[in-house]
Each structure stands twice: as C-alpha cells, then as structure tokens.
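Q: If you use UniProt numbering, the sequence shown corresponds to residues 1 to 288, in order.
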Amino acid sequence: MTTIETHTDTALPSPTAAGSGSAATDKFKNERATADTSPERLAAIAKDALSALHNVILEHGVTYPEYRVFKQWLIDVGEGGEWPLFLDVFIEHAVEEVLARSRKGTKGSIEGPYYVANAPILPSVSTLPMRAEDREITPLVFAGQVTDLDGNGLAGASLELWHADNDGYYSHFAPHLPDWNLRGTIITDEDGRYEITTIQPAPYQIPTDGPTGQFIEAQNGHPWRPAHLHLIVSAPGKESVTTQLYFAGGEWLDSDVASATKPELILDPTTGDDGKNHVTYNFVLDPA
Ligand code: MBD
Ligand code: FE
Numbered sequence: 001m002t003t004i005e006t007h008t009d010t011a012l013p014s015p016t017a018a019g020s021g022s023a024a025t026d027k028f029k030n031e032r033a034t035a036d037t038s039p040e041r042l043a044a045i046a047k048d049a050l051s052a053l054h055n056v057i058l059e060h061g062v063t064y065p066e067y068r069v070f071k072q073w074l075i076d077v078g079e080g081g082e083w084p085l086f087l088d089v090f091i092e093h094a095v096e097e098v099l100a101r102s103r104k105g106t107k108g109s110i111e112g113p114y115y116v117a118n119a120p121i122l123p124s125v126s127t128l129p130m131r132a133e134d135r136e137i138t139p140l141v142f143a144g145q146v147t148d149l150d151g152n153g154l155a156g157a158s159l160e161l162w163h164a165d166n167d168g169y170y171s172h173f174a175p176h177l178p179d180w181n182l183r184g185t186i187i188t189d190e191d192g193r194y195e196i197t198t199i200q201p202a203p204y205q206i207p208t209d210g211p212t213g214q215f216i217e218a219q220n221g222h223p224w225r226p227a228h229l230h231l232i233v234s235a236p237g238k239e240s241v242t243t244q245l246y247f248a249g250g251e252w253l254d255s256d257v258a259s260a261t262k263p264e265l266i267l268d269p270t271t272g273d274d275g276k277n278h279v280t281y282n283f284v285l286d287p288a
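1. Below 7 angstroms, is the gap between the Cβ of His230 and the nearest heavy atom of the ligand SAH?
2. Could you round the C-beta distance between Leu253 and Leu229 to whole angstroms and report it? I think they count as a contact, below 8 angstroms.
3. Given this structure, state the Cα-to-Cα distance separating Ile4 from Tyr67, to the nearest angstrom.
4. Do the CB positions of Ser126 and Ile199 come within less than 8 angstroms of each other?
5. Which residues in the same chain have their Cβ closer than 6 angstroms to the Cβ of Ala248, if we skip the five residues on either side of it in sequence?
6. Is the stretch 32 to 49 in contact with the stretch 73 to 91, if contact means three or more CB pairs nearer than 8 angstroms?
7. Which value, in whole angstroms, describes the spacing of the CA atoms of residue 369 and Val89?
8. Which of the three DSSP states, helix, strand or coil, is assigned to Ala143?
9. For Thr261, which residues of its own chain have a beta-carbon under 7 angstroms away from its beta-carbon, when the five flanking residues on both sides are left out?
10. Name the residue from Asp209, Ala117, Val284 and Leu53 whose alpha carbon lies nearest to the alpha carbon of Gly153.
11. Distance check for Ile206 and His176, CA to CA, integer angstroms please.
12. Using three-state DSSP, classify Ser109 as helix, strand or coil.
13. Quick one: grab the DSSP three-state call for Lys104.
14. Once the 5 residues before and after Phe215 are set aside, which same chain residues still bring their CB inside 6 angstroms of it?
15. Under 8 angstroms by Cβ, that's how I've got Leu182 and Met130 pegged, so tell me the actual separation to the nearest angstrom.
16. Could you tell me which whole alpha helix (DSSP H) segments of length 4 or greater appear in the stretch 138 to 182?
17. Please classify Ile4: does DSSP put it in a helix, a strand, or coil?
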C-alpha cells in the first residue's frame, strides 16, 4: 500500500477530458440518490462492510503509514471528483450481478458514470447527432427489434443510446463537444423495430492522471475498457434494461478494467458494400 503515492503522470496520454470526473460528480449530486432500505438491512450491510475491511487490514498486517496513505487516497478521490468513476469501474458490476439474478431477458451491464437522461427523441430509423469529424469514422448501422419474453414486438419502446467519440470523449462531460453528441432516444416502430446509424466506437481509457489511475497502476492493471455502446431499453409495462454492447475481436474484451463484458453482449458487424458496418441485435424485456 505504501506504493500508492500522490503523483501526476504526464507520460501516459489520456483521451478523457480532465474535467470528466468532476462533471460526473456534479451530475450525480443533482439527482440526490435515495433507496427504500430498511434501517435493519442498512445496519447489517454497514456492519459487514466494515468487518470485511477489518479482515483485509488484519490479514495483510496493514501499518499506520499505509493507513494514512489510504486516508489520503480516499480524500484525493473525493476532491478529484472521481467517486463516480472509481465506483462504477470497480464496484458497480457486483450490484449488476445481483440485479441479473432476477432477470430473464437481455443481459444487462453497468451504467457507468456518463449517462444523461432525456436525450433527443429520434424516430425508429435515424442517425445519432454527430459532428463533421465524427462522420470521418466508420459508420455503424445497428438494427433490430425490442420484444417481450414471448417474442411479441414492442411498439413505442425506447432505446437510449450513448457512447464515446473516437477520442474517448462523452458529450456533456467534455466541454468541447456539443450537447447530445452521439446520444439519442430512439423510439421503435409499430413492430418494435429500429435501425440506428452511429459510428464505430473506439476503446476507452480511464483517466490515468488521478487517484483512480494510481489505484489501477498499484494493482498492475491497465486502464482500458473495450469499445462499447451504452443502452437503456424501456417499454411501458416492462422492466428497463441497462446494458452495453461490445465488438467481436476488439481489444481489451477479455480484460475490461470495469469487469462489465458478457459473451451475450458482443456484436459481430459485417462491412457492407456501402462501406458501413452492419449488425442486428434484438432486445428482450422482462415484465415490470
Ligand atoms: C466509461 O465509459 C464507462 O463505461 C465506465 C463503466 C467507466 C468509465 C468510463
Ligand atoms: Fe462508457
């Protein structure tokens, strides 16, 4: 633990805006999270969480200098606005695993820190908002159908889709990008179908210059997530699914720093005569 020291690593390029973390913290704070946990359940969870940490300290014989470095690191995570980043990369996947126990439809995955609600509503066949620069990247045409567990198409279902641009930036978390760049809420047609054109996303690097980056380095880990699309698929009377889709053969697929890939969530697009990548993926929603 003594190897965790405060430092700034300028040697490693980070494609993520320095302000992404604090922007994610501000967005999260505005929502003011609540849960209907009973006092008894909360007490039991708090007690076990502490005791798990005590066990780690005792097993490893953690020293006072190490304890103080840990305290400083926790302070740095908060002051750097990196709690949404750190928690969603290292903790959220376990919570998603709990949710997945009760679901039968399309596999879910973590939401991550960069979802923004109320993205522009788009028709069933549409292109995500993007800049001229984004149009240089290989287009991805992503088509399919939203159904219930019995395979009935769900008209008027919504697919909220968001992803990073080719440099790893998410709109709303990088000041140089127009709001809603590469974000949209697509509404399915009368058969539950959609055809969305966007661009092929690139792998995503977690910022390496802050306390989350230090933590990754201390574990001898790498800071990469495989290229991914984020989605929340919803329909009236159905349980929404928050998920991500990945790309066959993509780098970091087997070592996602956020432990959020699943074999059922891997797309394998084919390049058409039009030079665009085409893929079909259907979503199955559980009843609410
Ligand atoms: C991301 O783009 C992401 O999806 C997660 C889970 C964490 C950090 C950045
Ligand atoms: Fe992401």
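C-beta atoms are modelled at their ideal positions from N, C-alpha and C, and glycine is treated no differently.
A: In brief:
1. The ligand SAH is not among the ligands present in this structure, which contains only the ligand MBD and the ligand FE.
2. Wrong, their Cβ atoms sit about 14 angstroms apart, outside the cutoff.
3. In this predicted model, Ile4 has a pLDDT of only 39, less than 50, meaning its place in the structure is not dependable; the value taken from the coordinates is given anyway. Cα to Cα, the separation comes out at about 11 angstroms.
4. no
5. Ile266 and Asp268
6. no
7. Nothing can be reported for residue 369: it is not among the residues displayed for the chain, which extend from 1 to 288.
8. Note: Ala143 maps to strand in three-state DSSP.
9. Same-chain partners within the cutoff: Pro226, Tyr246 and Leu253.
10. Val284
11. 19 angstroms
12. coil
13. Coil.
14. none
15. 6 angstroms
16. none
17. Confidence at Ile4 is low in this model, with a pLDDT of 39, below 50, so its placement is unreliable and no value can be given for it.
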